[in-house]
Structure formats: structure tokens, C-alpha cells
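Those protein sequences? They're chains A and B, same order as listed. Following numbering that gives the first Met the number 0, the numbering of the first sequence begins with 0 at its first residue and continues without gaps. Following numbering that gives the first Met the number 0, the numbering of the second sequence begins with 0 at its first residue and continues without gaps. Worksheet for the structure shown next.
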Amino acid sequence: MPKVTYVEHDGTEHRLDVPVGLSVMRGAVNHNIPGIDADCGGECACATCHVYVDPAWFDKLGPQSDQEVSMLSFAALAEPNSRLSCQITMTDGLDGLVVRLPEAQH
Amino acid sequence: MNAPLGAGLDGDPHRIALDAIDVSDPRLYRDDVWHPYFARLRREDPVHYFRDSRYGPYWAVTRYKDIMQVEVNHQVYSSASELGGIQIEEQPKDMDRPSFIRMDPPKHDEQRKVVSPVVAPGNLANMEGLIRERTARVLDGLPRNETFDWVDRVSIELTTMMLATLFDYPWDDRRQLTYWSDVAICNVNSPDAPVHSEAERFTELGKMAAALGALFNERAVQPPKFDLLSMLAHGEATRQMPIREFMGTLALLIVGGNDTTRNTMSGSVLALHEHPGEYRKLRDNPALIPSMVSEVIRYVTPVIHMRRTAKEDAELGGKHIKKGDKVVIWYVSGNRDPDAIEEPDQLVIDRPRPRQHLSFGFGIHRCVGNRLAELQLRVLWEELLPRFPAIEVMGPPHRLYSNFIHGIRSLPVRIPA
């Protein structure tokens, strides 16, 4: 089973199994990882599942939809390596993915 | 009171013809009787075309997932003021007051981004201490063993203070902001409204623009600071906005930034009173406050509907929407949709995924102040619970005559000593 490491803002790490086909957001929410709010439940409609993708992995992710680009543009703490984790679907190729969580979601 | 619409509204909601149900009737919300009409619509015709309403023909969208679809597809479902804006009732064309809530991208995006930093996580953290201090002071000043109006003494008092801070508005004049908020959003047909015609409303909002415009002009020539007027005065996309857009933007921030939170503060007291088991659960475990806050925001649904206009033909819930059609998404219904939310008519303060409600909207127009609203509500209950053994509701709420704002004008309560 592929693994994702979620690093909270304070540095606390959680290394979790996230099955192929599940979103990185869902992996966090299923394990109650603090720092990913996912208000809309994965519809790319709230930008509260925002994560920073470790540079080693950023280019390995699928492309961003216009909707994701749009929603991310409103996130206060967005950086060039920001993604909405509900739009990152786990594959075997992403085994070992590392994402960092922002200070807060809004 | 204005002439009512379909006689059906006075008949049995379970039997009247669907077309006789006009959910845009403000009486439904004033009298709190809207539930069965929406239950019928969700079950029988979730995307329903009302041919004859007091506002002309419109599509009523009543299920959670269809509402979400409209929200996310802003390219199809426009918020633009020129097409009619975001309420079922349209502003008169010569008195319309655009703001970014009634704009599409790119202009919407540019303007929203000017003000959104005021509620960025760091700024919220900075404001929490101040919010807590004020909340404590207001609560400590409340009478005990005596009936008073929670709306006036707490909900309006606290949210007005918040507004004064957000605008850096002269403290002693802060109730003027509440007045202008009520003017901006009232239904002019209500006998309780502060103004009774669109012309009167426009005149009063003109005075608001003049007063706030004076501060705006002062701050434009001073270094930028962290209040909404300074941000508007310095923002590239907003510093030269025309007067009616200025009126609209101020009204948006004043209403969105206070009225909704005010009504949820009042509604939270009422909701917990109506669900004593949940109130007990909360007292036994104050760690449930954040979850309760979200659940109350769902249960109250401070904004009853939003409206869009189709820019092209589209399919929605199996129906064919035509370009130009008015599409109304009823948050108050989507938040009670059993296909999306379990036991939706029950207040359940520890339900899973409490934030998955529609009250803040979704998509690019999602309430920019949502986390500030949650913060104010959380602090209110954190300060309330240890201070008061109970808040007894002593009589029915007096609700607002409106199909847009789900408001409570007064709520008599008593706090035992």
C-alpha cells in the first residue's frame, strides 16, 4: 500500500497508508490528521484541504484543473508548490509522497 | 403587510399543488414554516421551475448536491449584477450597487483579493485576544434573573464591535454601522424595516458612502493599514471604484461581516434551548464547542438563498436550464437534505464532518469571512459556558420578514443568578 507523509505546521509527522485511488485529502481526513479541514468534502469548492507539496514530488502530480487553480488563488497562504489535496489521487508512483500543512486553513 | 401570493401558501403544505408553493414568500421565514414546502420540493421536483412568482419565473434548486453543482460552475451560473445579481429580488437598475459578490471573474477575483487578507489566518490569530476581551466584558455586564433581549445586548453588541474594528470606525458611532447594515439588507415591504422604499434605501446608503468615503479618502493618503477602508483605499483594483460600487462593497462587508454572525449568535442560543440534550452534551464536554459552532451555522442557515443567472443552456438535476434563466439555490433547504446530512432537522453538535454545510456557500464566492464568523462564535461559547449555568429562552423569537436573511430581531432570555 503506498504511503503519504503529512507534516503538520509544528513539524509533527504522520506517515499513513493511502490506498491507490483515494485522494490525499481523504487519507488525512480518514485518520483525523489535524490541519486539513476539507469543508466541502472533496468537490474542489473550498480550498481548505490546501497542502504544500514537497518539491521532489510536485512535478509527479497530475495537472491542475482550472477550478483548482481558481480556488487556490484565494488561499491566503498559497505558495508556488501549493495544491488542493482533494485533487491529488494516490497512485503507486506517488508512494512516499510528502506534503506539508499550512498554519491554518480558511 | 403586502398582498400574499398563492392562496396555496395558506393551505396544507403536504397537499397543495407544487406550483402553488412559492418559497420566495418572506412570510415563510418570518413565521418559521418553510420546512415542509422544501421537503416536498426535494422529494418531488428538486429542480423546479416556478412560472409565476412575485419575482418572475425562476428555478428553485433545493437539494445539496445540485446546489453544490451550481456553486462550483460559476462560468455557467453567473453572479453578475448586470444579469440580476445574487438575490431573487433584483436591485432597481438605476440604483444597483455592484460589489464583488455580484461580479464574475476576473473582476470578482481582483476585488476579493484586496479584502481577503483582513481575515487571513495570521490576522485572525491577532484578533482573537481582542474578541475575547470584549466578549467577556459584554457577558459580565448582563443582568441576572431578569428577562432581556439577547439580540440587542449580545448579538448586536458583539458583532457591531467586530465591524467597528474591521473598519477602524469611530467606536462611539458604531451602532451606525448596524443601522446601515439593516438598511442595506431589509425587505422594504416589512413594517419593521428601517426604510420603506428603494429610493429611501438608496438615500440612506448614500449617507453611508459619504461617511465612510470621508474615512476612505483620509486613509488613501496615509500609509496602508490593516482595516477594510484602508485596504480598499490602497488596493489597485478598488481604490478608484465608482460611488455605487463603493456603496455596494461597503454594504457587502457590513452585512456579510455582521448580520449573519449576529443571527447565528442568537440562533445558537435558541437552538441549544430547543435541544436540551445537546446543551447538556456541550456543558459536559466543552471541547465540542468548535463542532457545535459549525452545526449551529448549518442549523440556523443565516443566508436563506443565493441566486445566479444562467449564461448558457445547461443541464441540472435532469432539467434543461435555458440561457438567461434565474436559478435560485436554497441553502436553507440544502442544509436539511437527508441525502447529504443525516438527521438533518436535528441539532447534533458532534456529528462527523460538521463543516460540510452550505451556509457559507462553496466555490469562488464562498464566504470570505467564514473563519472569522466561526472564531467569534467559538469565543462567545467559550466565555459563556463557564459564566452562566443556563440561558433560558423566555418567549418566542421575533423573526425577520425576509427571504434572504434568516434573521432574529429579538429573543427574550433570562440568565439565572
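Where a beta carbon is used, it is the ideal one built from N, C-alpha and C, also for glycine.
Nearest-angstrom Cα separation, counted from residue j out to residue i
i                   : j                   : result
alanine 416/B       : asparagine 144/B    : 6 Å
isoleucine 288/B    : glycine 266/B       : 15 Å
glutamate 235/B     : glycine 212/B       : 17 Å
phenylalanine 225/B : glutamine 239/B     : 19 Å
proline 106/A       : aspartate 94/A      : No answer is possible for residue 106/A: the residues shown for chain A start at 0 and end at 105.
cysteine 85/A       : alanine 38/B        : 31 Å
isoleucine 390/B    : methionine 160/B    : 22 Å
isoleucine 407/B    : glycine 40/A        : 30 Å
arginine 133/B      : leucine 157/B       : 7 Å
valine 60/B         : leucine 40/B        : 9 Å
valine 19/A         : threonine 88/A      : 7 Å
asparagine 284/B    : glycine 333/B       : 29 Å
asparagine 402/B    : aspartate 9/A       : 45 Å
tryptophan 380/B    : lysine 321/B        : 46 Å
valine 347/B        : alanine 309/B       : 36 Å
threonine 237/B     : histidine 30/A      : 43 Å
tyrosine 400/B      : aspartate 91/A      : 56 Å
isoleucine 100/B    : glycine 55/B        : 22 Å
glutamate 442/B     : tryptophan 179/B    : Because chain B here runs from 0 to 416, residue 442/B falls outside it and cannot be looked at.
glutamate 314/B     : glutamate 127/B     : 45 Å
arginine 50/B       : leucine 17/B        : 11 Å
tyrosine 76/B       : phenylalanine 201/B : 27 Å
glycine 5/B         : glycine 26/A        : Note on glycine 5/B: pLDDT 46, under 50, position unreliable in the model; no value is reported.
methionine 0/B      : glutamine 90/B      : A caution first: methionine 0/B carries a pLDDT of 36, below 50, which makes its placement in the model too unreliable to give a value.
proline 3/B         : glutamate 277/B     : At proline 3/B, the pLDDT of 41 sits below 50, so the modelled position is not reliable; the number obtained from the coordinates is stated separately. Rounded to the nearest angstrom, the two C-alpha atoms are 38 Å apart.
aspartate 336/B     : tyrosine 63/B       : 6 Å
aspartate 148/B     : valine 412/B        : 6 Å
aspartate 312/B     : glycine 323/B       : 8 Å
glycine 7/B         : isoleucine 15/B     : Interpretation of glycine 7/B is limited by its pLDDT of 47, a score under 50 that renders its predicted location unreliable; no figure is taken from the coordinates.
arginine 218/B      : valine 113/B        : 15 Å
arginine 297/B      : lysine 280/B        : 18 Å
arginine 243/B      : alanine 232/B       : 15 Å
arginine 386/B      : asparagine 125/B    : 24 Å
methionine 24/A     : cysteine 48/A       : 6 Å
proline 396/B       : proline 142/B       : 19 Å
proline 79/A        : alanine 46/A        : 15 Å
lysine 59/A         : leucine 15/A        : 19 Å
glycine 362/B       : leucine 271/B       : 30 Å
valine 331/B        : serine 23/B         : 12 Å
glutamate 342/B     : glutamine 221/B     : 53 Å
serine 154/B        : histidine 105/A     : 23 Å
First and last residue of the uninterrupted alpha helix (DSSP H) at residue i
i               : result
valine 302/B    : Segment: none, valine 302/B is in no alpha helix (DSSP H) and carries neither H nor E.
tyrosine 330/B  : 330-333
glutamate 127/B : 120-139
valine 46/B     : No alpha helix (DSSP H) holds valine 46/B; the beta strand (DSSP E) holding it covers 46-49.
tyrosine 28/B   : 25-29
Range covered by the beta strand (DSSP E) that runs through residue i
i               : result
alanine 59/B    : 57-60
isoleucine 66/B : Taken as a continuous stretch (DSSP letters only), isoleucine 66/B belongs to no beta strand (DSSP E), being part of the alpha helix (DSSP H) at 63-71.
leucine 315/B   : 313-315
histidine 34/B  : Histidine 34/B -> not in any beta strand (DSSP E); alpha helix (DSSP H) instead, spanning 34-43.
histidine 107/B : Note, histidine 107/B: premise wrong, no beta strand (DSSP E); alpha helix (DSSP H) at 106-114.
histidine 319/B : 318-320
Whole-Å CB distance - residue i paired with residue j, under 8 Å assumed
i                   : j             : result
methionine 102/B    : serine 80/B   : 7 Å
phenylalanine 215/B : leucine 228/B : 5 Å
histidine 364/B     : serine 78/B   : 6 Å
tyrosine 57/B       : lysine 325/B  : 4 Å
valine 71/B         : alanine 55/A  : Between alanine 55/A and valine 71/B the Cβ distance is about 31 Å, and since that is not below 8 Å, they are no contact.
valine 98/A         : valine 50/A   : 4 Å
Chain E residues whose Cβ lies nearer than 8 Å to that of residue i
i             : result
glycine 128/B : In summary, chain E is missing from the structure at hand, where the protein chains are A and B.
Residue i: CB within 7 Å of a non-hydrogen atom of the ligand ATP
i                : result
methionine 246/B : Absent from the structure shown: the ligand ATP. Ligands present: none.
Go through the segment 37-103 of chain A residue by residue and report every complete run of the alpha helix (DSSP H) that reaches 4 residues or more, in order. 54-57, 65-72
Length at least 4, wholly inside the segment 355-416 of chain B: the alpha helix (DSSP H) runs in chain order: 369-386
Restricting to runs no shorter than 4 residues, where is the alpha helix (DSSP H) found entirely within the segment 230-291 of chain B? 242-253, 259-273, 275-283
Check whether the segment 33-47 of chain B touches the segment 190-200 of chain B, taking contact to mean three or more Cβ pairs, one atom from each stretch, closer than 8 Å. no
Three or more C-beta pairs under 8 Å: does that hold for the segment 164-177 of chain B against the segment 251-262 of chain B? yes
Cβ pair count under 8 Å reaching 3, the segment 36-53 of chain A against the segment 347-356 of chain B: yes
Of all the alpha helix (DSSP H) runs that stay within the bounds of the segment 145-203 of chain B, which reach a length of 4 or more residues? 156-166, 174-184
Segments assigned beta strand (DSSP E), at least 3 residues, entirely inside the segment 2-40 of chain A: 2-6, 12-16
Under 8 Å: do the segment 181-195 of chain B and the segment 288-308 of chain B share three or more Cβ pairs, one atom per stretch? no
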